[in-house]
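Enquirer: Have a look at this one.
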Amino acid sequence: MLAILLATIVLHLTDLIILFISTCANAWRTDGVRNYHLWYDCTQKNGEADCSGTSDADWLQAVQALMVLATIFCLISFIFFLCQLFTLVKGGRFFFTAVFQVLASLFVMSGAIIYTVMSPEMKNENDAYGYAFVLAWLAFPLTLISGFIYIVLRKKE
Amino acid sequence: MPSGLIPFPFHLFSFHHPSLSRNPSHTDLRGEQREIMLSVLALTSVVLLGIASQTTAIVVYTSWERHALVGTDVRLSCSFFSWQWTSPDVTFSWHYRPDGAKEAISIFHYAGGIPYVDTKGPFRDRMEFVGNPSRRDGSILLKNVDFADNGTFTCDAKNPPDIAGSPSHVRLFVFEKVPVQAGVITGAIIGVVLGLLILIVAIYYLMRFLVARRVFSLSMSKHGRKGKGKEGSQQKQAGPLK
Numbered sequence: 001m002l003a004i005l006l007a008t009i010v011l012h013l014t015d016l017i018i019l020f021i022s023t024c025a026n027a028w029r030t031d032g033v034r035n036y037h038l039w040y041d042c043t044q045k046n047g048e049a050d051c052s053g054t055s056d057a058d059w060l061q062a063v064q065a066l067m068v069l070a071t072i073f074c075l076i077s078f079i080f081f082l083c084q085l086f087t088l089v090k091g092g093r094f095f096f097t098a099v100f101q102v103l104a105s106l107f108v109m110s111g112a113i114i115y116t117v118m119s120p121e122m123k124n125e126n127d128a129y130g131y132a133f134v135l136a137w138l139a140f141p142l143t144l145i146s147g148f149i150y151i152v153l154r155k156k157e
Numbered sequence: 001m002p003s004g005l006i007p008f009p010f011h012l013f014s015f016h017h018p019s020l021s022r023n024p025s026h027t028d029l030r031g032e033q034r035e036i037m038l039s040v041l042a043l044t045s046v047v048l049l050g051i052a053s054q055t056t057a058i059v060v061y062t063s064w065e066r067h068a069l070v071g072t073d074v075r076l077s078c079s080f081f082s083w084q085w086t087s088p089d090v091t092f093s094w095h096y097r098p099d100g101a102k103e104a105i106s107i108f109h110y111a112g113g114i115p116y117v118d119t120k121g122p123f124r125d126r127m128e129f130v131g132n133p134s135r136r137d138g139s140i141l142l143k144n145v146d147f148a149d150n151g152t153f154t155c156d157a158k159n160p161p162d163i164a165g166s167p168s169h170v171r172l173f174v175f176e177k178v179p180v181q182a183g184v185i186t187g188a189i190i191g192v193v194l195g196l197l198i199l200i201v202a203i204y205y206l207m208r209f210l211v212a213r214r215v216f217s218l219s220m221s222k223h224g225r226k227g228k229g230k231e232g233s234q235q236k237q238a239g240p241l242k
């Protein structure tokens, strides 16, 4: 039982870290020298970064909001998990933890889908998706699995 | 130390020494409170006077940026803060520096109660003075803005004898289509979702509170599940009605 508990906590923390990195790192698209989205448009010039704000596209702001919300909900579900670990009755289910984790995965999914559909076309060969984009798509199944684990998990003694 | 300047806590401690046989009289207590209030008032006024005597510079306020559609009218507001009364010799002046230019040109001046509007420069016949100098408002109205009006407008106000201060700048951006400001939609989505979350949590706790107060009558079940309890009570109420 302790192993399962530890594995669940590790998975949840991994999700949280992945979501944080994906939301905060500015590397959803990269152009060789320039990495842009989600927050800034930064060009590397001789070791210095020349940054400006991204264009205020509506869909980009929606993706920003969804990623921030997913991170917040994952954090809330972790706090709930720690609370419920100590206050739940024996045999009870981690209901609220599961709800918030599933909601977080839904938000990440929406954000990643919106970004994939609406992001501009690749202009040249160096244009590629950055690591933050990959992490966002990775976070979706991980949070979903974590949410389902919490639905199934029961507190035993 | 003279008695009037004894610091606050010591004074009270010496007074509130509990000796059961002796009652401190109410008039003595009120005198104490009055002294404390007077000293606090004196301190505050000294501090305020100190601040007032130091900051006699005039402070001019304008917006930071203005965004406008092509062809619309833009009101550039300018106001100032000064410790002196508004003098009849108050002056406002506006300068304009186009994007990319090095020098600013003067486009508006108000002095001696008369506004002087630009009649030769880029804003001739397009500018109007809509301010109220007696209320410290020196705003101008630019009509029918175009892309050539992009630039920095500087407002300088002087309120004799208060003349030391720096002017304030406002940048004008003229767009074909006004874009959504950065972060508006983001903030709105986050705010709505978190607001809904807080609302749901509040409703949940409210229902629990109402159940505990027996607004809804409960049938006690082993696990204390509220859902089952409410259904049980509804069935009980439906029974006698039939």
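Going line by line, the protein sequences match chains A and B.
Using my numbering, the letters of the first sequence correspond one by one to residues 1 to 157.
Using my numbering, the letters of the second sequence correspond one by one to residues 1 to 242.
Every residue gets a Cβ at the ideal spot worked out from N, C-alpha and C, and that includes glycine.
1) So which residues on chain A does residue 59/B lean against when the C-beta distance must stay under 7 Å?
2) In chain order, which continuous runs of the alpha helix (DSSP H) of length 4 or greater are located wholly inside the stretch 14-93 of chain A?
3) I'd like to know if residue 151/B contacts chain A, where contact means its C-beta is closer than 8 Å to some C-beta of that chain.
4) Given a cut-off of 8 Å on the beta-carbon distance, is the pair residue 175/B and residue 96/B in contact?
5) In chain order, what residues of the same chain lie with their CB nearer than 7 Å to the CB of residue 139/A, ignoring the 5 residues before and after it?
6) Against chain A, does residue 21/B count as a neighbour if the rule is that its beta carbon must be under 8 Å from one of theirs?
7) At which residues does the beta strand (DSSP E) containing residue 185/B begin and terminate?
8) So residue 122/A is in the beta strand (DSSP E); what residue range does that whole segment cover?
9) Could you tell me if residue 159/B is buried or exposed, where buried requires 16 or more neighbouring beta carbons within 10 angstroms of its beta carbon?
10) Kindly indicate which residue of 82/A, 83/A, 87/A, 133/A has the alpha-carbon position closest to the one of residue 162/A.
11) Under the rule that 16 or more other beta-carbon atoms within 10 Å means buried, what is residue 143/A, buried or exposed?
12) CA-CA distance, residue 143/B and residue 128/B?
13) Between residue 3/A and chain B, is there a C-beta pair that is closer than 8 Å?
14) Using a threshold of 7 Å, is the CB atom of residue 212/B nearer than that to any non-hydrogen atom of the ligand MN?
15) Express the C-alpha separation of residue 61/A and residue 184/B in angstroms, rounding to a whole number.
16) On a Cα-Cα basis, can you pick out the residue from 113/B, 69/B, 107/B that is closest to residue 122/B?
17) Between residue 50/A and residue 30/A, what straight-line distance do the alpha-carbon atoms span, to the nearest angstrom?
18) Suppose you measure from the CA of residue 9/A to the CA of residue 97/A; what does that come to, to the nearest Å?
19) Name the chain A residues that come within less than 9 Å of residue 198/B, Cβ to Cβ?
20) For a cutoff of 8 Å on Cβ pairs, would you count residue 212/B as touching chain A?
21) Between the alpha carbons of residue 93/B and residue 149/B, how many angstroms are there, rounded?
22) Can you find a C-beta in chain E that's less than 8 Å from the C-beta of residue 195/B?
23) Tell me, please, whether the stretch 34-48 of chain A touches the stretch 61-71 of chain A by the rule of three or more beta-carbon pairs shorter than 8 Å.
24) For the beta strand (DSSP E) containing residue 142/B, list its first residue and its last residue.
25) Could you tell me which chain B residues have their CB closer than 9 Å to the CB of residue 61/A, listed as they occur along the chain?
26) Does residue 58/A get closer than 8 Å to chain B when you measure Cβ to Cβ?
27) I think residue 77/A touches residue 57/A, with their Cβ atoms under 8 Å apart; what is that distance to the nearest whole Å?
28) Could you spell out the range, first to last residue, of the beta strand (DSSP E) harbouring residue 108/B?
29) Taking only the alpha-carbon atoms, compute the straight-line gap between residue 48/B and residue 41/B and give it to the nearest angstrom.
30) Establish whether the CB of residue 65/A and some CB of chain B are separated by less than 8 Å.
31) Looking at C-alpha atoms only, which residue of 136/B, 64/B, 74/B is the closest neighbour of residue 259/B?
32) Locate the alpha helix (DSSP H) running through residue 137/A, then write down its first and last residues.
33) When DSSP labels each residue in this structure, what does residue 124/B get in the three-state scheme?
34) Taking its Cβ as the centre, do 16 or more other Cβ atoms sit within 10 Å of residue 110/B, making it buried, or is it exposed?
35) Rounded to the nearest angstrom, what separates residue 206/B and residue 78/B at their Cα positions?
36) Could you tell me the alpha carbon to alpha carbon distance between residue 149/A and residue 11/A, rounded to whole angstroms?
Expert: With the structure as the only source:
1) What you label residue 59/B is simply residue 59 of the second sequence in a count that begins at 1. Correct list: empty, because the minimum Cβ distance to chain A is about 29 Å.
2) 58-87
3) In the second sequence, residue 151/B corresponds to position 151, counting from 1. It does not: the Cβ of residue 151/B has no partner Cβ on chain A nearer than 8 Å.
4) Taking the second sequence and counting its residues from 1, the one referred to as residue 175/B is at position 175. Taking the second sequence and counting its residues from 1, the one referred to as residue 96/B is at position 96. Their beta carbons are not under 8 Å apart, which means residue 175/B does not touch residue 96/B by this criterion.
5) Along the first sequence, read from residue 1 onward, the residue named residue 139/A stands at position 139. Closer than 7 Å at the Cβ level, and outside the excluded window around residue 139/A, lie 15, 18, 19, 22, 108.
6) Residue numbering aside, residue 21/B sits at position 21 when the second sequence is read from its first letter. Interpretation of residue 21/B is limited by its pLDDT of 47, a score under 50 that renders its predicted location unreliable; the figure taken from the coordinates is listed afterwards. With 8 Å as the cut-off, residue 21/B does not count as an interface residue toward chain A.
7) As a first step, residue 185/B is located in the second sequence; it is residue number 185 there, counting from the start. Where residue 185/B is concerned, there is no enclosing beta strand (DSSP E), although the alpha helix (DSSP H) it sits in stretches over 184-212.
8) Taking the first sequence and counting its residues from 1, one reaches residue 122/A at position 122. Counting along the chain, residue 122/A falls outside any beta strand (DSSP E), and DSSP gives it neither H nor E.
9) Taking the first residue of the second sequence as position 1, residue 159/B is located at position 159. Buried, because 16 or more other Cβ atoms sit within 10 Å of the Cβ of residue 159/B.
10) What the structure shows of chain A is the stretch from 1 to 157, and residue 162/A is not part of that stretch, so it cannot be assessed.
11) Translated into the one-based positions of the first sequence, residue 143/A becomes position 143. The residue is buried, with at least 16 neighbouring Cβ atoms inside 10 Å.
12) As a working mapping, residue 143/B is identified with position 143 in the second sequence. As a working mapping, residue 128/B is identified with position 128 in the second sequence. C-alpha separation (whole angstroms): 8 Å.
13) What you label residue 3/A is simply residue 3 of the first sequence in a count that begins at 1. It does not: the Cβ of residue 3/A has no partner Cβ on chain B nearer than 8 Å.
14) As far as ligands go, the structure on display features none, and thus does not contain the ligand MN.
15) As a working note, residue 184/B is residue 184 in the second sequence. As a working note, residue 61/A is residue 61 in the first sequence. So the two alpha carbons sit approximately 8 Å from each other.
16) As a position in the second sequence, residue 122/B is number 122, starting the count at 1. When each option's Cα is compared against that of residue 122/B, the closest is 107/B.
17) Here residue 50/A refers to the residue found at position 50 when the first sequence is read from its first residue. Here residue 30/A refers to the residue found at position 30 when the first sequence is read from its first residue. C-alpha separation (whole angstroms): 14 Å.
18) As a first step, residue 9/A is located in the first sequence; it is residue number 9 there, counting from the start. As a first step, residue 97/A is located in the first sequence; it is residue number 97 there, counting from the start. In a straight line, the C-alpha of residue 9/A is about 12 Å away from that of residue 97/A.
19) If you number the second sequence from 1, residue 198/B lands on position 198. Those within 9 Å of residue 198/B in chain A number zero; the least Cβ separation is about 12 Å.
20) For the purposes of this step, residue 212/B is taken as the residue at position 212 of the second sequence. Answer no: the Cβ-Cβ gap between residue 212/B and chain A never drops below 8 Å.
21) Residue 93/B sits at position 93 when you count from the first residue of the second sequence. Residue 149/B sits at position 149 when you count from the first residue of the second sequence. Going from the Cα of residue 93/B to the Cα of residue 149/B covers about 18 Å.
22) Absence of chain E from the displayed structure is noted, the protein chains being A and B.
23) yes
24) For this step, residue 142/B is matched to residue 142 along the second sequence. Taken as a continuous stretch (DSSP letters only), the beta strand (DSSP E) holding residue 142/B covers 140-142.
25) Start at 1 with the first residue of the first sequence, and residue 61/A comes out as number 61. Per Cβ cutoff of 9 Å: 180, 182, 183, 184, 185, 186, 187, 188, 189.
26) The residue you call residue 58/A lines up with position 58 of the first sequence. Yes, contact with chain B.
27) In the first sequence, residue 77/A corresponds to position 77, counting from 1. In the first sequence, residue 57/A corresponds to position 57, counting from 1. With a Cβ gap of about 30 Å, residue 77/A and residue 57/A do not count as contacting.
28) For this step, residue 108/B is matched to residue 108 along the second sequence. That run of the beta strand (DSSP E) goes 105-111.
29) Locating residue 48/B in the second sequence gives position 48, counting from the first residue. Locating residue 41/B in the second sequence gives position 41, counting from the first residue. Each residue's Cα considered, the two are about 11 Å apart.
30) Walking along the first sequence from the start, residue 65/A turns up at place 65. Yes, its Cβ sits closer than 8 Å to a Cβ of chain B.
31) The displayed coordinates of chain B run from 1 to 242. Any statement about residue 259/B would go beyond what the structure contains.
32) Counted from its first residue, the first sequence places residue 137/A at position 137. Where residue 137/A is concerned, the enclosing alpha helix (DSSP H) stretches over 131-152.
33) To locate residue 124/B, count along the second sequence from 1; it is residue 124. Three-state DSSP puts residue 124/B in coil, outside helix and strand.
34) As a working mapping, residue 110/B is identified with position 110 in the second sequence. Counting Cβ neighbours within 10 Å, residue 110/B comes out buried, since at least 16 surround it.
35) Counted from its first residue, the second sequence places residue 206/B at position 206. Counted from its first residue, the second sequence places residue 78/B at position 78. Spanning the two alpha carbons is a distance of roughly 49 Å.
36) For the purposes of this step, residue 149/A is taken as residue 149 along the first sequence, with counting starting at 1. For the purposes of this step, residue 11/A is taken as residue 11 along the first sequence, with counting starting at 1. The straight-line gap from Cα to Cα measures roughly 10 Å.
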